[in-house]
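Shown next, in structure tokens, is the structure this report addresses.
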Amino acid sequence: MGAKSLALSFHIKQECNVSRARAGLMKLPHYEVKTPVFMPVGTQGTMKGLLPDQLESLDCEIILGNTYHLGNRPGTDVLTKAGGLHNFMGWNRALLTDSGGFQMVSLLKLAEITEEGVKFKSPYDDSEIMLTPEKSIEIQNCIGADIIMQLDDVVQTTFQDYDRIKEATERTSRWLDRCLAAHQRPTEQSIFPIVQGLLNKELREQSAKEHMTKDVNGFAIGGLSGGEAKDDFWPMVSLSTGILDKHKPRYLMGVGLAIDLVVCVALGVDMFDCVFPTRTARFGCALVANGQLNLKQKIFETDLDPLDKNCSCSTCKNYTRAYLHSIVTVETVACHLISVHNIAYQMNLMRNMRENIENGTFPQFVQKFVREYYVDCDYPTWVVEALGSVGINI
Amino acid sequence: MRFAIKQVSCGGERIGTLTGFLKSPSTVIETPTAALLTQGGSVPHLTAEVLSKVFSTPQLLWVPVSNSIQLEPGMRAQGQGVAKFCGLPDHLVCVTSHNMSEPTPSGHFELDKVPLWTKNGKKMVNAERYMDLMEVYKPEIILAIADGRTSLNEGYKRILKSLDRSCNMLDTCVYRYKASKKLKESALIGVVVATGMPKKNNESIKHVLAHKDTLTGVALAGITDAYEESDRLAAQKIGDICKTVGDALPKDLLRIVEGCWNPAIIVTAIEHGWDIFDGSYPAKLSNAGHVLTLNFDPDRLSYEPCILDLNDEKYKEDFTPVLEGCECLTCKKHTRAYIRHLLNTREMLSSVLLSIHNLHHFDQLFRHARQHIAANTFQKYKKHITKQYEAYKLPHSANGVTDVNGVTGVNGVTAVNGIGMKETDYVKKRLRVSDDEIPTSQVVNSSL
């Protein structure tokens with residue numbers, strides 16, 4: 003404890019007496035965040051057309067920014083002069099930034115990873131740039147998010163070469179030390195280490211145990227949700243949460259599908275992020291209890307129902323499916339309206355989970371949820387097995 | 006709906022009220038005012054929730070059929086009119102055939118039909134079909150369909166056709182309007198065309214006034230075909246037209262001006278007694294990344310230009326609001342630097358913040374106009390606004406950069422939608438694609 007606890011304190015309010023789910027309160031410098039929490043992704047310092055006011059009305063307590071994008075535009079000079087991203091974008095609640103490493107690998111073909119860092123060609127002017135752990139933390143210190151990520155050595159989840167995975171896992175641990183040493187604002191920002199090891203049990207175990215020895219306020223589980231089979235995915239989550247300190251928050255990176263959220267909360271995860279709800283909105287897809295509505299479809303032309311009768315978001319209160327059908331993918335208003343609904347959907351789901359954990363009814367909630375989610379009751383094996391592993395039978 | 010004039014000042018400028026709206030009996034719309042331009046039934050970029058943060062009371066919406074006809078099946082199914090269907094049930098609607106400020110191909114007219122350029126291509130509409138649609142839209146105000154997209158330099162033959170077609174269509178609209186039970190609560194407006202030729206223009210006025218007992222007002226079209234727009238003389242020239250036509254009209258008729266007009270032209274039209282303007286000017290500014298920053302106080306000298314281009318790199322580290330002292334949400338919570346960043350990264354929130362400010366500020370232009378008319382100081386206000394606009398416009402025109410009403414066409418070929426931006430960019434920008442987009446195939450369940 004000590005100075006670092008100023009940047010984050012985590013209090014578990016209630017644990018599920020069947021599964022590993024827990025409801026907690028994570029106190030951050032800018033906001034007290036109720037967990038489990040879904041964090042919408044506002045990549046470039048904005049949430050896809052929504053005002054900060056709207057995000058507050060939607061009950062968003064923490065959102066994400068992307069270090070790679072923000073470091074390029076507006077750049078650290080502007081962010082420093084603005085007094086950090088909170089000021090720059092007019093968001094007073096909590097923020098989390100990633101390390102920038104994921105974008106290097108996902109967006110840039112020419113990235114070269116060495117012990118020193120990630121070397122890549124700037125997409126803006128062809129110059130060579132080196133992103134080191136120190137540089138990543140320096141940028142994140144400028145941005146000033148409440149929670150920041152270590153730079154990790156990212157390998158595609160479906161990658162098979164053991165030696166490379168081993169190297170990446172071990173390098174991630176070494177880079178963690180460099181990140182922690184470079185951190186300039188430990189009383190205001192918490193660095194989360196990232197558990198790596200892809201789909202390899204031993205390596206992931208080794209990574210989690212190694213991170214456990216560090217003085218940090220929380221942990222991220224990375225290297226998943228990259229196209230791997232669900233049967234491979236959930237055991238890695240379970241393995242990680244089984245090792246990580248249960249008194250600290252655990253953040254599963256890049257996960258946001260409703261069923262994944264429910265299963266992983268049951269496995270003991272506290273935080274999630276994903277671009278999916280806002281991105282699918284831009285393609286005209288609305289999230290509902292049993293999946294998605296693609297509003298471009300002709301069947302909605304004269305459908306006068308709201309997106310979801312049980313939803314109380316401003317979109318469902320004011321607008322019909324028929325209206326959204328007639329403007330979807332043409333007017334930006336349609337994106338905004340569906341984004342509002344989709345974020346509301348995610349927030350509702352998390353709120354329901356928190357309330358049910360607190361009321362001791364989480365297993366029943368999960369059972370009801372999957373019945374509605376899979377209308378034909380044809381549950382995928384991985385859902386049955388994952389939930390079964392923590393004592394919830396469906 | 007009723008229109009009543011409250012006060013007429015010496016110059017002819019006047020304050021009026023629109024009242025007696027069935028769905029909102031307590032609402033009073035004061036004129037002169039601007040309606041809010043809509044696209045697909047929504048104010049561009051603003052959801053109902055956000056619009057309510059800009060205007061707390063019901064507003065007049067400007068709904069062109071050309072950009073909203075795709076709503077017809079849904080509106081028919083619901084049966085409660087366009088405002089309700091578009092999630093804006095408390096707002097009042099003025100429907101017109103085209104959006105006058107959007108360039109469309111020329112020609113394509115048929116005997117009794119005009120082309121509507123919709124997102125799904127050309128749709129030919131005659132007066133009967135138009136009035137059928139009105140029974141579906143159920144607007145508070147109907148602008149009769151007309152062939153009014155002619156410029157001031159239009160040839161004689163085209164003007165003749167425009168006049169002839171518009172007269173016939175108005176007759177049909179009036180006939181259908183009188184016969185319709187569903188349109189009892191709507192007000193019908195006749196459209197004056199052929200403004201480029203005084204003689205034919207007089208004929209148009211005469212024909213419209215033949216229906217005076219049925220009409221609540223008159224709209225002025227036929228000034229522009231939206232392609233070749235007015236030049237530096239525009240304010241004076243259009244002012245003259247507004248005066249001539251205005252003088253020929255009985256005072257008790259509501260007067261509406263269609264088109265995307267700059268503040269200098271607007272105050273000139275107000276001076277000649279025109280009451281309602283379509284709201285396309287602030288919409289165009291927002292789409293170009295520009296903000297309107299007029300100083301409304303005639304007793305204060307103004308040094309800042311009255312329009313800023315926030316795309317400009319010089320705002321990169323400008324952490325001041327768009328306009329100091331402005332009460333809009335954008336100015337209260339955000340900075341020029343942030344909006345510049347959003348424009349630079351092509352983020353959709355830029356359009357939202359720009360629209361909020363420009364709509365609020367444009368509304369203030371009219372609010373102050375009404376106050377000055379009431380106080381008999383409108384001339385001073387008009388000069389103050391005109392001066393600022395001229396000061397902004399002159400250096401821009403000299404550089405060959407265009408503003409909303411002045412097109413510096415290259416060899417007369419390039420169609421520019423105003424504000425120095427080619428139409429293709431404009432259309433592309435309507436659905437901004439953020440720079441961080443990656444293909445859909447990688448979307449599901451992956452963090453960016």
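Top to bottom, those sequences are chains W and V. Taking this note's numbering, the leading residue of the first sequence gets 3, the next gets one more, and so forth. Taking this note's numbering, the leading residue of the second sequence gets 6, the next gets one more, and so forth. Cβ atoms here follow ideal geometry from the backbone N, Cα and C, with glycine treated the same way. The structure displayed is predicted, hence computed values, not measured ones.
Check                                                                                                                                                                        : Outcome
Whole angstroms are fine: how far does the CA of W/Arg-75 sit from the CA of V/Leu-65?                                                                                       : 39 Å
Suppose the cutoff is 6 Å on Cβ atoms and the five residues either side in sequence are ignored; what does the same chain contact list for W/Phe-40 look like?               : Phe-274, Gln-348 and Met-352
V/Trp-122 by DSSP, collapsed to three states: which one?                                                                                                                     : strand
Would you say W/Asp-79 faces chain V, with C-beta separation under 9 Å as the test?                                                                                          : yes
Is it true that the CB of V/Val-55 sits closer than 9 Å to the CB of W/Gln-56?                                                                                               : yes
Kindly provide the ranges of any alpha helix (DSSP H) runs that are 4 or more residues long and lie completely inside the segment 33-76 of chain V, ordered along the chain. : 53-59
Mind listing the chain W neighbours of V/Gln-75? Cutoff is C-beta to C-beta under 9 Å, in chain order.                                                                       : Ser-328, Ile-329 and Val-332
Suppose the cutoff is 7 Å on Cβ atoms and the five residues either side in sequence are ignored; what does the same chain contact list for W/Asp-290 look like?              : For the sequence presented, residue 290 of chain W should be read as Val rather than Asp. Answer for W/Val-290: Leu-309 and Asp-310, listed in chain order.
Exposed or buried, W/Phe-19, counting other C-beta atoms within 10 Å across all chains shown (16 or more means buried)?                                                      : The sequence as given places Asn at residue 19 of chain W; Phe does not occur at that position. Result: exposed.
I need the DSSP call for W/Phe-12, collapsed to helix, strand or coil.                                                                                                       : strand
Does any residue of chain V bring its CB to less than 9 Å from the CB of W/Ser-124?                                                                                          : no
Apply the 10 Å Cβ neighbour rule to W/Arg-323 and answer buried if 16 or more other Cβ atoms are within range, or exposed otherwise.                                         : buried
Do V/Lys-256 and V/Gly-278 count as a contact pair if the criterion is CB distance below 9 Å?                                                                                : yes
How about W/Phe-371: is its C-beta nearer than 9 Å to some C-beta of chain V?                                                                                                : no
Use the C-beta contact count for V/Gln-241: other C-beta atoms within 10 angstroms, 16 or more gives buried, fewer gives exposed.                                            : exposed
Under 7 Å Cβ-Cβ, which residues of chain V neighbour W/Leu-339?                                                                                                              : Thr-52
Buried or exposed for V/Ile-74, going by 16 or more other Cβ atoms inside 10 Å?                                                                                              : buried
Put W/Gln-191 into one of helix, strand or coil per three-state DSSP.                                                                                                        : coil
Are the CB atoms of W/Arg-356 and W/Ala-25 within a distance shorter than 9 Å?                                                                                               : yes
Between the segment 338-356 of chain V and chain W, which residues of the former have CB atoms less than 7 Å from a CB of the latter, in chain order?                        : Lys-338, His-339, Ala-342, Tyr-343, His-346, Leu-347, Asn-349, Thr-350, Glu-352, Met-353, Leu-354 and Ser-356
Listing by chain order, which chain V residues have their CB less than 7 Å from the CB of W/Gly-51?                                                                          : Met-353, Leu-354 and Val-357
Could one say the Cβ of W/Asp-55 lies closer than 9 Å to chain V's Cβ atoms, at least one of them?                                                                           : yes
Would you mind working out which of W/Lys-137, W/Gln-208, W/Ile-150 and W/Pro-135 sits nearest W/Lys-168, comparing C-alpha positions?                                       : W/Gln-208
Compile a chain-ordered list of the residues in the segment 308-332 of chain V whose CB is closer than 9 Å to at least one CB of chain W.                                    : Lys-321, Glu-322 and Phe-324
CA-CA distance, W/Tyr-321 and V/Cys-91?                                                                                                                                      : 7 Å
From the DSSP output, in three-state form, read off W/Leu-285 for me.                                                                                                        : Looking at the sequence itself, residue 285 of chain W is Phe, so the reference to Leu does not match. Coil, per DSSP.
Anyone know if the C-beta pair for V/Leu-259 and V/Gly-21 falls short of 9 Å?                                                                                                : yes
Taking the beta carbon of V/Leu-23 as the centre, do at least 16 other beta carbons fall within 10 Å, making it buried, or is it exposed?                                    : buried
For V/Ile-305, which residues of its own chain have a beta-carbon under 7 Å away from its beta-carbon, when the five flanking residues on both sides are left out?           : Per the sequence shown, the amino acid found at residue 305 of chain V is Arg instead of Ile. Result list for V/Arg-305: empty, nothing under 7 Å.
Mark W/Ile-196 as exposed unless 16 or more other C-beta atoms lie within 10 angstroms of its C-beta, in which case mark it buried.                                          : buried
Please tell me whether W/Ala-84 has its Cβ less than 9 Å away from any Cβ of chain V.                                                                                        : yes
For a contact meaning CB atoms closer than 8 Å, what does W/Ala-324 contact in chain V?                                                                                      : Pro-78, Gly-79, Ala-82, Gln-83 and Phe-90
What residues in the segment 126-155 of chain W have a beta carbon less than 9 Å from any beta carbon of chain V?                                                            : none
Less than 9 Å between the C-beta atoms of V/His-295 and V/Asp-314, yes or no?                                                                                                : yes
Quick one: is W/Met-273 near chain V, going by C-beta distance under 9 Å?                                                                                                    : no
Under a Cβ-count criterion, where at least 16 other Cβ atoms within 10 Å of its own Cβ denotes burial, should W/His-327 be classed as buried or exposed?                     : buried
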